[in-house]
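One structure is given here, and the rest of the page talks about it.
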Amino acid sequence: MSFETAKNLLQNHKLTAVGTLRSNKACLPPQFKVRREEKSSIFGFQKDITIVSYIPKPRKCVHMMSSLHHDDEVDPESGTQRKPSIITFYNMTKSGVDVVDKLSRTYDVSRNSKRWSLTLFFSLLNHANINSFIVHMFNNEIKRKKSNIRKNFIKRLGLSLLEDHIRKRKDNPHVPQDIRRRVHQILNEEVPGPPRKQPRSCFRNKDRKTLNACFKCNVAICKEHANLICQNCTNLDNKWSR
Numbered sequence: 007m008s009f010e011t012a013k014n015l016l017q018n019h020k021l022t023a024v025g026t027l028r029s030n031k032a033c034l035p036p037q038f039k040v041r042r043e044e045k046s047s048i049f050g051f052q053k054d055i056t057i058v059s060y061i062p063k064p065r066k067c068v069h070m071m072s073s074l075h076h077d078d079e080v081d082p083e084s085g086t087q088r089k090p091s092i093i094t095f096y097n098m099t100k101s102g103v104d105v106v107d108k109l110s111r112t113y114d115v116s117r118n119s120k121r122w123s124l125t126l127f128f129s130l131l132n133h134a135n136i137n138s139f140i141v142h143m144f145n146n147e148i149k150r151k152k153s154n155i156r157k158n159f160i161k162r163l164g165l166s167l168l169e170d171h172i173r174k175r176k177d178n179p180h181v182p183q184d185i186r187r188r189v190h191q192i193l194n195e196e197v198p199g200p201p202r203k204q205p206r207s208c209f210r211n212k213d214r215k216t217l218n219a220c221f222k223c224n225v226a227i228c229k230e231h232a233n234l235i236c237q238n239c240t241n242l243d244n245k246w247s248r
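Right, dumping it as structure tokens:
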């Protein structure tokens with residue numbers, strides 16, 4: 007969490023926040039980074055925001071920021087650990103963050119990227135996926151008994167987001183026919199048959215279309231210019247033609 011974020015949440019949205027603070031942040035005074043004795047704490051106050059530096063063990067320093075706490079209280083229940091109340095409050099309420107992180111890792115959509123904007127987009131997708139699943143279960147009064155219920159929901163959600171795009175590709179004549187046939191199968195639609203062709207033996211002014219073709223030369227042919235032949239004669243003809 008950053009100082010600017012905590013200030014913006016408090017002033018513009020009336021929301022208090024408690025979170026960890028990285029040691030390389032500019033808002034952190036140099037005195038908070040100096041080595042101190044174990045279990046010691048240093049507090050800093052600026053109007054509505056408090057920061058604290060705590061040493062839980064040697065060579066480890068924890069920095070926290072809070073817009074909810076405004077004193078240097080140490081939690082008496084922490085005993086010899088002498089933890090500040092800001093840290094104990096954070097540990098008590100961060101379980102929701104851990105659950106979200108676990109759910110995000112289970113079905114993570116993110117990929118390795120050096121672009122911070124893309125990394126942020128992947129994180130938004132993970133959180134949107136979790137929120138939509140919660141709303142879906144609440145609206146449909148679903149009790150999570152099966153282990154694969156979220157997996158099936160994500161699959162249906164992904165296909166529903168792709169449906170408009172694949173429907174456009176289904177009607178695109180430049181897309182290969184085998185891909186369009188596969189799209190029809192995904193959408194559970196009847197696969198269209200092959201296009202009708204103009205018979206070569208007919209005049210153009212008749213404008214005939216047919217699906218029939220010669221079994222030898224594969225030329226389109228209408229019933230008027232086709233001759234019927236039984237299976238036995240066909241086999242006999244093939245035998246003598248070898």
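In our numbering, the protein residues as written are 7 to 248. Every residue gets a Cβ at the ideal spot worked out from N, C-alpha and C, and that includes glycine. Everything numeric in this text was worked out from a predicted model, so none of it was measured.
Given residue i as reference, the closest of the options once Cα atoms are compared
i           : options               : result
residue 22  : 53, 154, 75 and 157   : 75
residue 160 : 174, 191, 113 and 153 : 113
residue 28  : 189, 68, 128 and 52   : 68
residue 194 : 172, 136, 118 and 93  : 172
residue 54  : 31, 79, 81 and 15     : 15
CA-to-CA distance, residue j to residue i, given in whole angstroms
i           : j           : result
residue 123 : residue 89  : 36 Å
residue 165 : residue 11  : 36 Å
residue 91  : residue 17  : 23 Å
residue 96  : residue 83  : 15 Å
residue 185 : residue 168 : 15 Å
residue 146 : residue 139 : 11 Å
residue 65  : residue 149 : 46 Å
residue 170 : residue 133 : 23 Å
residue 102 : residue 52  : 28 Å
residue 234 : residue 179 : 35 Å
residue 246 : residue 162 : Low local confidence applies: a pLDDT of 46 at residue 246 is under 50, so the model's placement there is unreliable, with the coordinate-based value given in what follows. Going by the C-alpha atoms only, they are around 58 Å apart.
First through last residue of the beta strand (DSSP E) which encompasses residue i
i          : result
residue 72 : 66-72
residue 63 : 55-63
residue 48 : 47-52
residue 24 : 24-26
Nearest-angstrom beta carbon gap, residue j and residue i [assumed within contact, 8 Å]
i          : j          : result
residue 61 : residue 50 : Not confirmed; about 15 Å, so no contact.
residue 47 : residue 59 : 7 Å
8 Å Cβ shell around residue i - same chain, five flanking residues per side excluded
i          : result
residue 86 : 45
Boundaries (first-last residue) of the alpha helix (DSSP H) holding residue i
i           : result
residue 80  : Taken as a continuous stretch (DSSP letters only), residue 80 belongs to no alpha helix (DSSP H), as it is neither H nor E.
residue 112 : 101-112
Close beta carbons around residue i, own chain, < 7 Å, minus the five adjacent residues each side
i          : result
residue 33 : 9
residue 42 : 61
is_contact[residue i, chain C] using C-beta, thresh 8 Å
i           : result
residue 181 : The chain labelled as chain C is not found in the depicted structure, where only one protein chain is given.
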